[in-house]
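Numbering (our numbering), first residue to last: 10 to 724.
Okay, structure first, notes after.
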């Protein structure tokens, strides 16, 4: 190699044979490298050193003859092999109690070899970059493979913090300038942002980290480079390059395991403050917001499109990330930009065709953005989406009135209350068909928004007006329809939440009706959102002292409802039930009912674990990581998107009416039902005159069971 190093070739006079011979020598040495890699580290390194040196020395005359892909591939393989050896040594030393100096020296030697190979790759890539278009996939995979085996990846080798820092400081730092070199290279962009990029689970987290690194580097690049990364492009008939922002949101969405665990990354150093570890969510959010501050104005349309697309994502955590970034943009940008975005979101909500998760996401965003509007722009918004018009109530149901200045709040609350109660009375005076419930179900949430956020602006007069229409609407609820019809279920849920707000002023008879209806309805297994509304009402009962005269008609039903809900197997309902039960138990004066709600030992243990904030299952950190990995591998499936047409055919639509048939014995059925109704009225009249005998409740429960049995026959 020393003799070959002395060879000088003049590009102006050298023959083709000389050029070809030098290329053959370099390729032959490359073959030798693959043979000696496990034999002699020093010889291996020196051979690579010679290959790189000769390639650069004769670059101008041999660059078109060299097999760049073979050289890059071999170099990347040697980097990965050395890196894995380094990790194995670090793992062995981390598990060993005593420090072995021989192992540590070998670790340092291997780490030094890693760094040498990485620097060689960096040097070669820098000089031959225009010729490396077919090597970009290999370079991309190198970055991902390295970070997939290094903490905090779920698939990383377990090594001590000290060895992590040593490897990062000596080797991983060399990957950063490599990405900087590749940043302006379009074939690399295409590989990283390929719309058909299909990575295995263990490489999804490294891909997310890579995209964040790219995002951090773009502000220092020329506008044309930023534009290439931040805009979509149809590279060929079969290949599309997505924008960097869309790629980040998509990649972030794939990291469900890392987000749920969560893994922690090195935080951003603040002046005068110590560095703290941050979650993946915090890491991406902070870097995304920083990137937004340097975003070129010509690319704002791309930013808006990417944020809106992510907000509408079926993945909750991705949608939340986009909302956080959008709120940062609202605060960082101009007041006019914030107003433009609020108006845009409000128009989307108003035109949304039906119940869907996209509407929920937009409503959360609108509520948050509205707080950042200047008072003058809020006034303009009120004029544009006037609360005096019923058609705008779908927008106002998603706005917190706390965001408005005192005078504007008072005025808007008055207008929404007036229009909302008028619409309710309009429905009450109409034919009251199921189809007309749709309009009512857009009014009630607006009244609920007032109750939740109007504060002092909701005076006694307005409270009375709302309470009156709510009580009148409740009287029309029929348990059969609540059990069967989605629109009625939605009305029931909204009314229940409103009744919970007015619990202190609620008539005792109304409380009895509400609790009794809930008990009967639970046995018919209503949808989850109906049960969640029940929990809102139940937790509010903890604030109420129930008069002794009606305790025996309410408390047994309460214990029955809580017992049924606490035994539910849905994790979401279980969590909300535990919260509602705790709130009720802490506030109620009727402590005797609390143990009656805990119908089994399992339920008791569940409540105790919740109160003590302990998990139901003891799990080691390593076992938790393995479980999360298995869940990620097995259960990750993108949520099916709900199209506009599907939203129009929302499940809330009342079921189609069946053609009426004449039934035999119809008159006999009507007569029997009339007799039952008369008996119930007589019993109700007796209860109003005086206390009921102790046996009555038991007999009524027997009758209730018979009624349930009859319902099953009918169904």
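For every residue, glycine included, the Cβ atom is placed at its ideal position computed from N, Cα and C.
| Item | Value |
| --- | --- |
| Would the stretch 450-459 and the stretch 398-405 be scored as touching if the rule is three or more Cβ pairs under 8 angstroms? | yes |
| Which runs of the alpha helix (DSSP H) at least 4 residues long sit entirely within the stretch 575-605? Give them in chain order. | 580-596 |
| Give the straight-line distance between the Cα atoms of residue 629 and residue 130, rounded to the nearest whole angstrom. | 40 angstroms |
| Would the stretch 434-452 count as touching the stretch 407-421 if we require 3 or more Cβ pairs under 8 angstroms? | no |
| Alpha carbons only, please: which of 679, 392 and 197 is nearest the one belonging to residue 250? | 197 |
| So is residue 339 buried or exposed if we call it buried at 16+ other beta carbons inside 10 Å? | buried |
| Compute the beta-carbon to beta-carbon distance between residue 6 and residue 337, rounded to the nearest angstrom, for a pair I have assumed lies under 8 angstroms. | Within the shown structure, residues of the chain are numbered from 10 to 724, placing residue 6 beyond reach of any answer. |
| Would the stretch 484-497 count as touching the stretch 442-454 if we require 3 or more Cβ pairs under 8 angstroms? | yes |
| If you drop the 5 nearest sequence neighbours on each side, which residues of the same chain put their C-beta closer than 7 angstroms to that of residue 467? | 422, 459 and 460 |
| From the DSSP output, in three-state form, read off residue 440 for me. | coil |
| Using the beta-carbon count (16 or more within 10 Å), is residue 678 buried or exposed? | exposed |
| Taking the continuous alpha helix (DSSP H) assigned at residue 115, which residues delimit it? | 110-137 |
| Does the Cβ-Cβ distance between residue 330 and residue 294 come in under 7 angstroms? | yes |
| So, under 8 angstroms CB-CB, residue 4 and residue 526 are touching, yes? Tell me the CB distance rounded to an integer number of Å. | Since the first and last residues shown for the chain are 10 and 724, residue 4 lies out of range. |
| Roughly how many angstroms separate the alpha carbons of residue 603 and residue 704, rounded to a whole number? | 23 angstroms |
| So, for residue 638: in the same chain, excluding its five sequence neighbours on each side, which residues have a beta-carbon less than 8 angstroms away from its beta-carbon? | 163, 164, 210 and 266 |
| With H, G and I counted as helix, E and B as strand and the rest as coil, what does DSSP make of residue 40? | helix |
| For the stretch 205-220 against the stretch 119-130, do three or more pairs of beta-carbon atoms, one drawn from each stretch, fall closer than 8 angstroms, so that the two count as touching? | no |
| Going by Cα to Cα distance, which pick from 69, 95 and 63 is closest to residue 80? | 63 |
| On a CA-only basis, which of 577, 176 and 693 is nearest residue 158? Give me that one, please. | 176 |
| Less than 7 angstroms between the C-beta atoms of residue 367 and residue 321, yes or no? | yes |
| Please go through the same chain and pick out, in chain order, the residues whose beta-carbon is closer than 6 angstroms to the beta-carbon of residue 45, but skip the five residues on each side of it. | 52 and 53 |
| Roughly how many angstroms lie between the CA atoms of residue 580 and residue 635, to the nearest whole one? | 21 angstroms |
| Is it the case that the Cβ atoms of residue 593 and residue 631 are separated by a distance below 7 angstroms? | no |
| Could you have a look at residue 250 and say whether DSSP puts it in helix, strand or coil? | strand |
| Which two residues bound the contiguous alpha helix (DSSP H) that contains residue 167? | Counting along the chain, residue 167 falls outside any alpha helix (DSSP H), and DSSP gives it neither H nor E. |
| Taking its Cβ as the centre, do 16 or more other Cβ atoms sit within 10 Å of residue 623, making it buried, or is it exposed? | exposed |
| For the alpha helix (DSSP H) holding residue 629, just list the boundary residues, first then last. | Unbroken run through residue 629: none, as it is neither H nor E. |
| How big is the Cα-Cα spacing for residue 120 and residue 91? | 7 angstroms |
| If you reduce the DSSP assignment to three classes, tell me which class residue 274 lands in. | strand |
| Within 10 angstroms of the Cβ of residue 205, are there 16 or more other Cβ atoms? Answer buried if so, exposed if not. | exposed |
| For residue 659 and residue 144, I'd like the C-alpha separation in whole angstroms. | Reliability fails at residue 659, whose pLDDT of 47 lies under 50, so the model's placement of it is uncertain and the value that follows must be treated cautiously. The straight-line gap from Cα to Cα measures roughly 50 angstroms. |
| Which partner residues of residue 243 appear in the DSSP bridge assignment? | 249 |
| Going by DSSP, name the residue or residues bridged to residue 288. | 273 |
| Following the continuous alpha helix (DSSP H) through residue 351, name the residue where it begins and the one where it ends. | 344-360 |
| Within this structure, are the beta carbons of residue 619 and residue 587 separated by less than 7 angstroms? | yes |
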